[in-house]
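What follows is one structure encoded as C-alpha cells, with my remarks underneath.
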Amino acid sequence: MLPLAVTAAAGGWYALGVVDRLASSNTAPISYDIYNELLPNIQYALRSLQRGEGFFWMNVQNCGQPFFALIHIGLLNPVNVFFALLDMPSALLAIVIANLTLAGISMYWLCRRYGISIPGALCGALAFELGGVALQLASWVPTNGLGAYALLPAVFATCECVIEKPTLRGVAGLGVILALQFLAGQPQMSLFTCQLIGLRVLWEAGFGDRSRLARALVPLVLSGILALALAAVQLIPSAEITGLSLRGDRPLTLQERNPGVVSWVGFRQSVGVRSAGWGSLFAVVPAALAAATAARRRKNRLPLFFLTVGLLSGMLAFVTPVYELYSYLPLGSMFRFQQRFLWITAFAISLLVAFGAEAIIQRPDTRPDWKGMVLLSLGVAGFWLLSPSGLRNWEWWLFGAMGVAVGIRWMWPHAGWVPQAALPALVGINMAIVGTHPIQVNVKDLSIYRRHEDAFAFVKQLMTLQDRIDHVGPHMDFSLMEKSATIFDVRAVRDYEPLTSIRYGELMVVFLKTPEAMARLRDGKLPMVSINETIFFTDILPRSRPLLNLFGARYVLVDLQKDDSAQVLPGLRLLRAIGGVRIYENPTALQRASFVPSLTVIGDPVRLLQILTSSEHDPRQTVLVEAAPDDGFVGSPSGASGTVEIVSDRGEEVVIQSRASDEGFVFLSDQFYPGWDATVNDVPTPIVRANYAFRAVRVPAGDARVVFRYRPMSLRLGAAVSALGMLCAGLCVYAGRPRRTRS
Numbered sequence: 232m233l234p235l236a237v238t239a240a241a242g243g244w245y246a247l248g249v250v251d252r253l254a255s256s257n258t259a260p261i262s263y264d265i266y267n268e269l270l271p272n273i274q275y276a277l278r279s280l281q282r283g284e285g286f287f288w289m290n291v292q293n294c295g296q297p298f299f300a301l302i303h304i305g306l307l308n309p310v311n312v313f314f315a316l317l318d319m320p321s322a323l324l325a326i327v328i329a330n331l332t333l334a335g336i337s338m339y340w341l342c343r344r345y346g347i348s349i350p351g352a353l354c355g356a357l358a359f360e361l362g363g364v365a366l367q368l369a370s371w372v373p374t375n376g377l378g379a380y381a382l383l384p385a386v387f388a389t390c391e392c393v394i395e396k397p398t399l400r401g402v403a404g405l406g407v408i409l410a411l412q413f414l415a416g417q418p419q420m421s422l423f424t425c426q427l428i429g430l431r432v433l434w435e436a437g438f439g440d441r442s443r444l445a446r447a448l449v450p451l452v453l454s455g456i457l458a459l460a461l462a463a464v465q466l467i468p469s470a471e472i473t474g475l476s477l478r479g480d481r482p483l484t485l486q487e488r489n490p491g492v493v494s495w496v497g498f499r500q501s502v503g504v505r506s507a508g509w510g511s512l513f514a515v516v517p518a519a520l521a522a523a524t525a526a527r528r529r530k531n532r533l534p535l536f537f538l539t540v541g542l543l544s545g546m547l548a549f550v551t552p553v554y555e556l557y558s559y560l561p562l563g564s565m566f567r568f569q570q571r572f573l574w575i576t577a578f579a580i581s582l583l584v585a586f587g588a589e590a591i592i593q594r595p596d597t598r599p600d601w602k603g604m605v606l607l608s609l610g611v612a613g614f615w616l617l618s619p620s621g622l623r624n625w626e627w628w629l630f631g632a633m634g635v636a637v638g639i640r641w642m643w644p645h646a647g648w649v650p651q652a653a654l655p656a657l658v659g660i661n662m663a664i665v666g667t668h669p670i671q672v673n674v675k676d677l678s679i680y681r682r683h684e685d686a687f688a689f690v691k692q693l694m695t696l697q698d699r700i701d702h703v704g705p706h707m708d709f710s711l712m713e714k715s716a717t718i719f720d721v722r723a724v725r726d727y728e729p730l731t732s733i734r735y736g737e738l739m740v741v742f743l744k745t746p747e748a749m750a751r752l753r754d755g756k757l758p759m760v761s762i763n764e765t766i767f768f769t770d771i772l773p774r775s776r777p778l779l780n781l782f783g784a785r786y787v788l789v790d791l792q793k794d795d796s797a798q799v800l801p802g803l804r805l806l807r808a809i810g811g812v813r814i815y816e817n818p819t820a821l822q823r824a825s826f827v828p829s830l831t832v833i834g835d836p837v838r839l840l841q842i843l844t845s846s847e848h849d850p851r852q853t854v855l856v857e858a859a860p861d862d863g864f865v866g867s868p869s870g871a872s873g874t875v876e877i878v879s880d881r882g883e884e885v886v887i888q889s890r891a892s893d894e895g896f897v898f899l900s901d902q903f904y905p906g907w908d909a910t911v912n913d914v915p916t917p918i919v920r921a922n923y924a925f926r927a928v929r930v931p932a933g934d935a936r937v938v939f940r941y942r943p944m945s946l947r948l949g950a951a952v953s954a955l956g957m958l959c960a961g962l963c964v965y966a967g968r969p970r971r972t973r974s
C-alpha cells in the first residue's frame, strides 16, 4: 500500500494544494482547451444523455456535425464518470488526482517489473507523476491528455510481461490497457505508445534473447489486434470522419504541425524559469539520479534502451534532419506540435531516474562510492549548463542533501535506510517546488460562461428551428467563445473543432474571407491550404454575406470590441445591445430548410465555390451539385414554388414537412456526412450533396414528409467488433486461469 499512498498523496497535493489553491488567481492563463472544448463538450454529452437524443450527432455547432465519433473528446474515457457525479470544477480536481495517481502507480509497477527496489521505483514514479509533462497535461486537458499519458508505463509493463512469459492472460491484459489508452482520446499518445512497443521489439531482436522474442511476437500482435477490437466502437466511427476532416485529406505541412514550435533557445529559457511544463522535463535531483545510471554494476540493455529512446525523442522534438526523416513514416505527418515528442523523453528520463537511484541505493559494500558521487555531480553540472539561470539556492541544498544521505551510508553501514528514504523524498520535493508554478490554471466559478447569458436568452426567444446564429467575441473571452452555442443550446455556424470536415473548412475560410484564401479562389484553386486558416481566424466577423445567408444565420451576436459590421456586413439590423454585446438580425438569411425548384450541375468544385459565394447566385432558385442525381431529375421546367417547415430536430432525426406546387427539392443546410439516410413519405430517397457541403432530397408536388435519420454503419460495425473483442478477452482470461491439480 505504500506506493499507492505516496502517489495518491502526491496527486492530491497537486490538485488541492496547487490547482485548487491557484484557481482564478491571475498567476497564469486559463486553460483554453478545458474551457472552450472539454467542459462544453461534456456538458453537451450529459444534456444529450438526459434528453435521449443528440449524443451521436451534434446539431448546435458547425451547421451540424458528428459528436460521439470525435475521438479527442474521449466520451468512453472511464474518468468521465466524475462529471456525472460531481460539479464540473470538483470533477476536474478528482480527475487530476485519479490520473496523476494512475501515472505514479503505473510507473512504479513498470520499475518493479524491471527488478528495481521499492525506493528506486518510488523515485521513478514521483519523477513521472510530478514531472513537467504530467503536470502540463493536467492543466491542459486532464481527461484525454493526462489519461493517455498516465497509462503509458502500464502498457509497457504488460508488454514486458508478454515478452518475458507469453500467456493468454498477458495478451488480454495488454489488449485491455492499450484499448483504455485508445479510448482516453489522445491518438497522438497512442501512436507514440505503439511506436515505442515497436522499438522495444526491435531492440530485443538486435540485443536480446531472440528465441524469447520469437515466442512473444505473435502474442504481442494478438494484443494489438485485441486492443483495436475492444476500442472499435470508438475507433471505426472516428476513422470514418477523420478521413473526411481537415486532418485526413493530406499530410500536414511543417507549418501546420508546428504553429508554435519550441526552439532550443526557447526550451532552455523554459528550463531556466522552472515552471511546470517543457522546462521542468529536467530538474536537478532527477538529472543527478539519471546520470547515476552509469554506476550500475549489473550492466544490462534496458537503461541503454531508454537512454536511446530519450535522446531520439528529444531530437524529434525540434526541427532536425531526424524529424524530417520521421515525417515520411506512416502517420508521421498527421499530428501537430512536434514538441510533444518530449512526452516520450520524460517517460524515458523517469525510468533512468529509477535505475540511477537503484544504483546508489543498492550498492553492496560500504566503501566510498566515488563513482556514484562523480556521476551525481556530473548530472547536476549538466543541468547547470542546460539552465541559463544556473542553479537556485534551494537546488544546491537538494544536491547537498543527496551527498549527505549517501555519505551517512558510508559512515554507518547499518544506515542504508537513509538514502532509501531520502532519495524518493528529494525527488518529490524537487518536483513539488517546480510544480507549484503551473503554466495554466483552472477556475472555480463557471460564471465565466454566463456574463452574456442575457444576450443568448434574448436571441433564443426569437429563434425557430429554421434559424442559426453567428457569434464573435475576443479571444479568451469564455462568455462569447466558439462553444458558447453549446453552453446555451443555440444552433450556430462555427465551432472550435479540430476535426471539422474538409468541405466545411473550405467554406469557413471563404466565410471569413482571409486574403490568401480569396486570392486562391480567384485563381481557380481550392481556397484552403492550411488548417491554421480555420483555427486562428475565428474571432472575426464573417466577410461573405452569401455564405452567412446560406448557413441560415438569422442573428449575429458580436462583442463591441470586435464589431466592424458596418464595414463588412452592411444591412444588418440592430435589435438590441445587452451587456457589451450587440445583437443584429440578418434579414436576408435563408431558412435552414427550404424548397428549391431545381439543381444546377457544376462538375468543378472550385467553380462551384466561386458561384456559391457570388452575390449574383440565388440559392432560393437552384441548388449547386457536383454530379447529377442517379435518377437524372434536376428540377421541373415550370419553376415550382413551395414552403417548408421543420417539424422537429432531435439530433439524429430531423423531420420536415414540405408543400410544393410541382416536383423539386428540399435543401437542408446541415452538413452532409456518411450515415444519414432519408425517407420522403416513408419511401427511401437518396440524399444529394448540395451547395458543396449540405443536403438535398427530391420531393413530389403537394404535401411531403421528409425524415432524415443518422444511423452510421461505422458505429454499428464498431459496436459489433467491440462486443466480439470483449468476448475474446473474456475467453483469454478464462482459458488462462490457473488450473487446480488433484492431489
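If you read the sequence shown in our numbering, its first letter stands for residue 232, the second for the next number, and so on.
The C-beta atom is built at its ideal place from N, Cα and C for all residues, glycine as well.
Check your understanding: In whole angstroms, what separates the C-alpha of S279 from that of A470?
Key -> A straight line joining the alpha-carbon of S279 with that of A470 spans about 23 Å.
Exercise for review: On the DSSP bridge assignment, give the partners of P297 in chain order.
Suggested key: Looking at the DSSP assignment, P297 forms a beta bridge with W288.
**Study point:** G810 - DSSP class collapsed to helix/strand/coil
**Key:** Under the three-state reduction of DSSP output, G810 falls in the coil class, being neither helix nor strand.
Check your understanding: If we count the other Cβ atoms within 10 Å of its Cβ and call it buried at 16 or more, is Q692 buried or exposed?
Key -> The residue in question, Q692, is exposed, as its Cβ has fewer than 16 Cβ neighbours within 10 Å.
Review point. Can you check whether the CB of S775 is closer than 9 Å to the CB of T717?
Key: Their beta carbons are not under 9 Å apart, which means T717 does not touch S775 by this criterion.
**Study point:** Cα-Cα separation between N922 and R942, rounded to whole angstroms
**Key:** Between the alpha carbons of N922 and R942 lies a distance of about 23 Å.
Point to revise | Contact belief for Q651 with P260 at Cβ below 8 Å, rounded distance in angstroms | key: 41 Å between Cβ atoms; not a contact.
Check your understanding: Mapping DSSP to helix, strand and coil, what is G933?
Key -> If DSSP states are grouped into helix, strand and coil, G933 belongs with the strands.
Check your understanding: Under 9 Å, do P669 and S506 count as touching if we go by C-beta distance?
Key -> The answer is yes: Cβ separation under 9 Å.
Exercise for review: Evaluate Y735 with the Cβ neighbour count: other Cβ atoms within 10 Å of its Cβ, from every protein chain shown; 16 or more gives buried, anything less gives exposed.
Suggested key: Buried, by the Cβ-count rule.
Point to revise | Inter-residue Cα distance where the pair is D849 and L409 | key: Distance between the alpha carbons of D849 and L409 is about 52 Å.
Review point. Does the Cβ-Cβ distance between F586 and G355 come in under 9 Å?
Key: Against a cut-off of 9 Å, the Cβ pair of G355 and F586 comes out as a contact.
Exercise for review: Would you kindly report the start and end of the unbroken beta strand (DSSP E) that includes W628?
Suggested key: No beta strand (DSSP E) holds W628; the alpha helix (DSSP H) holding it covers N624 to M642.
**Study point:** Endpoints, beta strand (DSSP E) assigned at D908
**Key:** Boundaries of the beta strand (DSSP E) harbouring D908: W907 to V911, taken from the DSSP string.
Review point. Which of the three DSSP states, helix, strand or coil, is assigned to P915?
Key: P915 sits in a strand when the DSSP states are folded into three classes.
Exercise for review: Give the C-beta separation of E589 and I347 to the nearest angstrom, bearing in mind that I take them to be a contact with Cβ-Cβ under 8 Å.
Suggested key: Contact holds; Cβ gap of about 5 Å.
Check your understanding: For N961, which three-state DSSP category applies?
Key -> A small correction: the amino acid at residue 961 is Gly; Asn does not occupy that position in the sequence shown. DSSP places G961 in helix when its eight states are reduced to three.
Point to revise | Among V658, D861, R838 and F709, the one whose alpha carbon lies nearest that of L352 | key: In the sequence under discussion, the amino acid at residue 352 is Ala, which differs from the Leu named in the question. It is V658.
**Study point:** C-alpha gap between T524 and L583, whole angstroms
**Key:** Rounded to whole angstroms, the gap between the alpha carbons of T524 and L583 is 6 Å.
Review point. Would you call A526 buried or exposed, if buried means 16 or more other Cβ atoms sit within 10 Å of its Cβ?
Key: With 16 or more other Cβ atoms within 10 Å, it is buried.
Check your understanding: Given A514, which residues of its chain have a CB within under 7 Å of its CB, disregarding the five upstream and five downstream residues?
Key -> The answer, listed in chain order, is N661, M662 and V665.
Check your understanding: Can you list, in chain order, the residues of its chain whose CB lies under 6 Å from that of A385, leaving out five sequence neighbours each side?
Key -> S337 and I408, listed in sequence order.
Point to revise | Run of the beta strand (DSSP E) containing I700, from where it starts to where it stops | key: R699 to V703 is the extent of the beta strand (DSSP E) around I700.
Review point. Just to confirm, are L958 and V464 a CB contact at a threshold of 9 Å?
Key: Here L958 is not near V464, since their CB atoms are 9 Å or more apart.
Check your understanding: DSSP beta-bridge partners for E816?
Key -> Answer by DSSP bridge pairing, in chain order: Y786 and R804.
Check your understanding: Just the Cα atoms here: how many angstroms apart are A950 and G755?
Key -> Cα to Cα, A950 sits roughly 43 Å from G755.
Exercise for review: Have a look at W907, A871, V930 and P373 and flag the residue whose alpha-carbon is nearest the alpha-carbon of D862.
Suggested key: The option with the nearest alpha carbon to D862 is V930.
Check your understanding: Since R940 sits in a beta bridge, which residues does DSSP pair it with?
Key -> Per DSSP, E884 and D908.
**Study point:** Which of helix, strand or coil DSSP assigns to V721
**Key:** V721 sits in coil when the DSSP states are folded into three classes, being neither helix nor strand.
Check your understanding: Taking the Cβ atom as the reference point for each residue, do D325 and G378 lie within a distance shorter than 9 Å?
Key -> One point to set straight first is that residue 325 is Ala, not Asp, in the sequence displayed. No, the Cβ-Cβ distance between A325 and G378 is not below 9 Å.
**Study point:** Span of the alpha helix (DSSP H) around T424
**Key:** Looking at the DSSP string, the run of the alpha helix (DSSP H) that includes T424 is P418 to F438.
Check your understanding: Is the stretch 259 to 275 touching the stretch 311 to 325 in the sense that three or more CB pairs, one from each, lie closer than 8 Å?
Key -> Counting Cβ pairs under 8 Å, three or more are found: they touch.
Check your understanding: Mind pulling the alpha helix (DSSP H) runs of 4 or more residues that sit fully within the stretch 721 to 763?
Key -> Counting only runs of 4 or more, we get 733 to 743 and 746 to 753.
Exercise for review: Measure the Cβ-Cβ separation of V550 and A369 and say whether it is below 9 Å.
Suggested key: No, Cβ-Cβ distance for V550 and A369 is not below 9 Å.
Review point. Helix, strand or coil: which one does DSSP assign to S501?
Key: It is helical.
Practice item. From the DSSP output, in three-state form, read off R252 for me. Key: Reduced to three states, the DSSP call for R252 is coil.
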